[in-house]
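Reviewing the structure listed below.
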Amino acid sequence: MPRLPDDDERRELLERGEQQARRLFHDFIDFAFSENILEIAVGLILASAFTALTTSFISDILLPPLSIILPLNRNIDEKFAVLKAGPNYDDLDGYTTLAQAQLDGAVVLAYGAFINKLVNFLGVGLTLYCIARIYQCFSHDPIIKHTVKCRYCKKLVSDRAVRCVNCTSWLDGREERMR
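Counting with the working numbering, you get residues 2 to 180 for the letters of the sequence shown.
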């Protein structure tokens, strides 16, 4: 039969558990409020807002005039193709909207939504690239790092490197001249 701890042992165990809980809490506070974590959190919040702004710009301002210029007769994100019609499909008129086709249970290929998301992705990527280039003009810390392939191990290394960090071969051709 297990022995029950006496009051001194019980108090010691409680104090030890309390110290470990306090240490865990203080470690978490140190981690959560360290500079790097706060910088990452602010960066993620800004990136989320920036993505929403760029998506709105492309979906609400850029694509509607593009739909008018191209003979699409509706917004790009509403373009779809019916792969298999639903039970209420009308052969003369078909489906007028993507939502109508989906409500009817039709199998649709919503290529307009894909084009919309693709243009959003390209817009966000291009804008971030432009911001990185502008930042690089005013800062000494490069964001865009230029690389070259090592002749021997075929891995990417900095174009400023003298030796490959992977296979330690000389990148300026010294090994070729020695032979």
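Built from N, CA and C at the ideal position, the CB exists for glycine as well. From a predicted model like this one, the values you see are computed outputs, not experimental measurements.
Close beta carbons around HIS147, own chain, < 7 Å, minus the five adjacent residues each side: As a position in the sequence shown, residue 147 is number 146, starting the count at 1. Excluding residues within five positions, the ones whose Cβ falls inside 7 Å are ASP160.
For LYS146, the residue or residues it bridges with in DSSP: The residue you call residue 146 lines up with position 145 of the sequence shown. LYS146 is not bridged to any residue.
Say whether the region 68-82 touches the region 96-114, bearing in mind that this needs 3 or more beta-carbon pairs closer than 8 Å, one atom from each stretch. yes
With which residues is LEU157 paired in a DSSP beta bridge? In the sequence shown, counting from the first residue as 1, residue 157 sits at position 156. Per DSSP, LYS150.
Mind checking which residues open and close the beta strand (DSSP E) that includes LEU110? Here residue 110 is taken as the residue at index 109 of the sequence shown, counted from 1. Segment 108-110, the beta strand (DSSP E) holding LEU110.
Taking just the CA atoms, how far does GLN20 sit from GLY44? Position 43 of the sequence shown, counting from 1, holds the residue named residue 44. Position 19 of the sequence shown, counting from 1, holds the residue named residue 20. GLY44 and GLN20: Cα-Cα distance of roughly 35 Å.
Can you have a look at ILE132 and say buried or exposed, based on whether 16 or more other CB atoms are within 10 angstroms of its CB? The residue labelled residue 132 in the question sits at position 131 within the sequence shown. Exposed.
Following the continuous beta strand (DSSP E) through ALA82, name the residue where it begins and the one where it ends. As a position in the sequence shown, residue 82 is number 81, starting the count at 1. First-last of the beta strand (DSSP E) with ALA82: 82-85.
Going by C-alpha to C-alpha distance, which of SER57, VAL109, ASN167 sits closest to ALA100? Position 99 of the sequence shown holds residue 100. It is VAL109.
Cα-Cα separation between LEU119 and ILE30, rounded to whole angstroms: Your numbering for residue 119 matches position 118 in the sequence shown. Your numbering for residue 30 matches position 29 in the sequence shown. So the alpha carbons of these two residues sit roughly 40 Å apart.
Does DSSP put ARG178 in a helix, a strand or coil? Numbered from 1 along the sequence shown, position 177 holds the residue referred to as residue 178. In this structure, ARG178 counts as helix in the three-state DSSP scheme.
Would DSSP call ARG75 helix, strand or coil? Residue mapping note: residue 75 aligns to position 74 of the sequence shown, counting from 1. Looking at ARG75 - three-state DSSP - the assignment turns out to be coil, as it is neither helix nor strand.
N-terminal and C-terminal residue of the alpha helix (DSSP H) that ASN68 is part of: Indexing the sequence shown from 1 puts residue 68 at position 67. It is worth fixing the name first, because residue 68 is Ser in this sequence and not Asn. Where SER68 is concerned, the enclosing alpha helix (DSSP H) stretches over 64-70.
Between SER57 and ILE144, what straight-line distance do the alpha-carbon atoms span, to the nearest angstrom? Residue mapping note: residue 57 aligns to position 56 of the sequence shown, counting from 1. Residue mapping note: residue 144 aligns to position 143 of the sequence shown, counting from 1. If I take the Cα positions, the gap works out to 26 Å.
CB of ALA107 within 7 Å of CB of ALA82, strictly: Position 106 of the sequence shown holds residue 107. Position 81 of the sequence shown holds residue 82. Result no, Cβ atoms of ALA107 and ALA82 do not sit closer than 7 Å.
Relative to the C-alpha of GLU176, which residue among CYS151, LEU157, SER49, ASN89 is closest? On the sequence shown, position 175 is the one that residue 176 refers to. The shortest Cα separation from GLU176 among CYS151, LEU157, SER49, ASN89 belongs to CYS151.
Within 7 Å, strictly: CB atoms of THR211 and GLY126: With the chain covering only 2 through 180, there is no way to say anything about residue 211.
Round the Cβ separation of ASP173 and VAL163 to the nearest angstrom and send it over; I've been treating them as touching at under 8 Å. Taking the first residue of the sequence shown as 1, we reach residue 173 at position 172. Taking the first residue of the sequence shown as 1, we reach residue 163 at position 162. Rounded, the Cβ-Cβ distance is 6 Å, consistent with contact.
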